[in-house]
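For reference, the structure is listed below as structure tokens.
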Amino acid sequence: AELFRDVARRLGFKEEQVVFTGQEFSALLPSVANGRFDVAVAAIGTTAERKKTVDFSDGYIAGYLSIISADPALTSNESTAGKRIGVIQGTLQEIYAEKNLKGDIVKFPDNNTAVAALNNGTIDGHFTDYESAKQYVERYKNLKITMNVPSFDAPAGFVVK
């Protein structure tokens, strides 16, 4: 939020003109495409498929997709076999997981819901972006980043119409 507030300020928008609204990740791109929102801000990876319906700013971050877990053995695609791995609907993690991870993929509307499921044992790992993963392992000492997948070809950008 702070990054976008700074960008908006530099573009000449007043602080009161920038309003953030909570939204499930999977609904962000359609909400921009249909004009409900002017911009979507949520570490949204830029892909050719997504560019068919919306535009993106220049990328502002690129990095890794990460699994967080209390199970140190979740270190590879193969090690997820027989495990339940959480993803957020509509994310690059969901796309990657469905193609590559061997475990059962469990879809969630947001990171907080997925991490709650991880902490209560409903899922064995959560596949998220690296920056979010770092924040969750700092907050929950039982969790560790157990796997990183490079994702430098899909930098996150702001979504616009």
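For the sequence shown, my numbering begins at 6 and goes up steadily by one. Glycine residues also receive a C-beta, built at the ideal position from the N, C-alpha and C atoms.
Beta-carbon proximity check, residue i vs residue j, cutoff 8 angstroms
| i | j | result |
| --- | --- | --- |
| L33 | D134 | no |
| F163 | T96 | no |
| G68 | T51 | no |
| V165 | D60 | yes |
| Q94 | P114 | yes |
| N117 | N82 | no |
| R10 | V23 | yes |
| I66 | A161 | yes |
Cβ-based burial, residue i [other Cβ within 10 Å; buried from 16]
| i | result |
| --- | --- |
| Q98 | buried |
| G126 | exposed |
| L79 | buried |
| R144 | exposed |
Candidates the options, of which the one nearest residue i by Cα
| i | options | result |
| --- | --- | --- |
| G108 | A53, E54, G87 | G87 |
| F132 | P77, A159, Y101, A161 | Y101 |
| T85 | I128, Q28, K56 | I128 |
| T151 | G130, F157, A159, A161 | G130 |
| V44 | L79, A53, A6, T80 | A6 |
| P35 | G27, T58, T26, A48 | T58 |
| Q28 | E21, R41, R55 | R41 |
| A47 | S62, E103, E54, A53 | S62 |
| F157 | E20, I49, E21 | I49 |
Residue i, enclosing beta strand (DSSP E) - first and last residue
| i | result |
| --- | --- |
| S202 | The structure shown has nothing for residue 202, since the chain only spans 6 to 166. |
| P155 | 149-165 |
| A47 | 44-50 |
| I110 | 109-113 |
| V92 | 89-93 |
Residue i, enclosing alpha helix (DSSP H) - first and last residue
| i | result |
| --- | --- |
| F9 | 7-15 |
| K139 | 135-144 |
| I100 | 97-105 |
| V37 | 33-38 |
| A78 | Careful: A78 lies outside any alpha helix (DSSP H) and carries neither H nor E. |
| A122 | 116-124 |
* Would you call the region 10-21 and the region 114-124 touching, i.e. three or more CB-CB distances under 8 angstroms? -> Touching, no, given that fewer than three Cβ pairs across the two stretches are closer than 8 angstroms.
* Asked: Below 8 angstroms, can you find three or more Cβ-Cβ pairs linking the region 138-154 to the region 58-78?
  -> Touching, yes, given that three or more Cβ pairs across the two stretches are closer than 8 angstroms.
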